[in-house]
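Numbering (UniProt numbering), first residue to last: 1 to 207. See structure below.
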Amino acid sequence: MSDNYSHSSGSPRFLIGVAGSMAASRVPAHLDMIRATLGGTITVVMTHTAAQFVPPQMLRLSAERVVHGEDPVDWPTDRPSRLAGDHDLVVVLPATAHMLAVAAHGAAPNRLATVILSSPRPSVFFPHMGAAMWEKPAVRRNVEQLRADGHHVVDPVWEEAHDIVTGEIHRHPALPDPERVVAELQRLLAHHQDLRATRTHRGESVS
C-alpha cells in the first residue's frame, strides 16, 4: 500500500467517511475546522445509519459533496474506486467498532467500507465507542491489524458522559475536538509530503 498523500493542485482533497454513531452529530464542526484551517475540498460519504444521527443536508453546508445511501443507480457516478482515487486522504470520523472490524478484515458491506478497501493509500480512523467496547480484545486486535496494514488509527480522547439509564457519569473514548483532529491531519499531510519529496529526490516511484 502506497503511503503518499499527494495532490498536484496544492490543496488537499479530503474524503470524510461518517459511520453510524451519536458522534456523527459532531462532524459539522470538524468539517468547518478542516475547511478553515487546511482548505482544499471535502467530500462526505455517509453510511445509512450515519444519516439517522445527522441529516445529509446539514453536512452539505460544510462540504462540496455528500454521498449517502446504497442505491445501485448511484454507483456509476459514485463508484467507490473513483471516490477513493479522486481524494488524497480518506478519514473515517467517527469510526465505530463495526467500521474498524469491517476495515480490518477487508470486508465491503457498504459504500464507505468499499471506498476504504479501494483506496491506494492508508486511511485515517478516529474511533468513538463505549469504554467496554474499546477495551474488548477483539476491538484491540482490529486496531492493531489496521495499524499493521499501514492505516492510521488515532487514539481517542477520554471524556465523561451522563448515562440516561443509570444516571451515572461514565468515561468513554471519544472523538478529539476539531482542533486536535486538524492538527493530526496536518501532521500526516506534512509527513507524507516530505516522504514524497525524498522519494522524488532519490528517483523512486511516488505513484
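We put the beta carbon where it would ideally sit given N, CA and C, even for glycine.
With distance defined between alpha-carbon atoms, name the residue in the options nearest to residue i.
i           : options                          : result
MET58       : ARG79, ALA24 and ASP78           : ALA24
LEU112      : VAL139, PRO137, ARG82 and ALA132 : ARG82
THR37       : ALA104, HIS87 and PRO178         : PRO178
LEU185      : THR47, GLU168 and MET33          : MET33
residue 214 : MET22, PHE125 and THR43          : A query on residue 214 cannot be resolved here, the shown segment of the chain reaching from 1 to 207 and no further.
ALA19       : PRO120, ALA29, MET129 and GLU144 : MET129
residue 262 : ASP155, GLN145, ASP163 and ALA50 : The structure shown does not extend to residue 262, since the chain is modelled only from 1 through 207, so no value can be given for it.
DSSP three-state label for residue i, please.
i      : result
GLY85  : helix
SER9   : Summary for SER9: the model assigns pLDDT 49, below 50, so the residue's position carries little reliability; its value from the coordinates is reported in the next sentence. Three-state DSSP puts SER9 in coil, outside helix and strand.
SER2   : Interpretation of SER2 is limited by its pLDDT of 45, a score under 50 that renders its predicted location unreliable; no figure is taken from the coordinates.
SER123 : strand
GLU179 : helix
HIS48  : coil
ALA113 : helix
ASN65  : A quick correction: the sequence has Arg, not Asn, at residue 65. It is a strand residue.
VAL54  : coil
SER25  : helix
THR166 : coil
Within 10 angstroms of the Cβ of residue i, are there 16 or more other Cβ atoms? Answer buried if so, exposed if not.
i           : result
TRP134      : buried
LEU100      : buried
SER11       : exposed
VAL104      : Checking the sequence shown, residue 104 turns out to be Ala, not Val. So ALA104 ends up on the buried side.
residue 221 : Because the chain is modelled from 1 through 207, residue 221 falls outside the range shown and cannot be assessed.
What residues match up with residue i in a beta bridge as DSSP calls it?
i           : result
PHE14       : ILE42 and LEU89
residue 231 : Residue 231 falls outside the range modelled here, since the chain spans only 1 to 207, and no answer is possible.
PRO173      : TRP158
ALA95       : PRO127
VAL153      : PHE125
Is it the case that the Cβ atoms of residue i and residue j are separated by a distance below 9 Å?
i      : j      : result
ILE116 : ALA63  : no
SER119 : HIS87  : yes
VAL27  : LEU89  : no
PHE126 : VAL181 : yes
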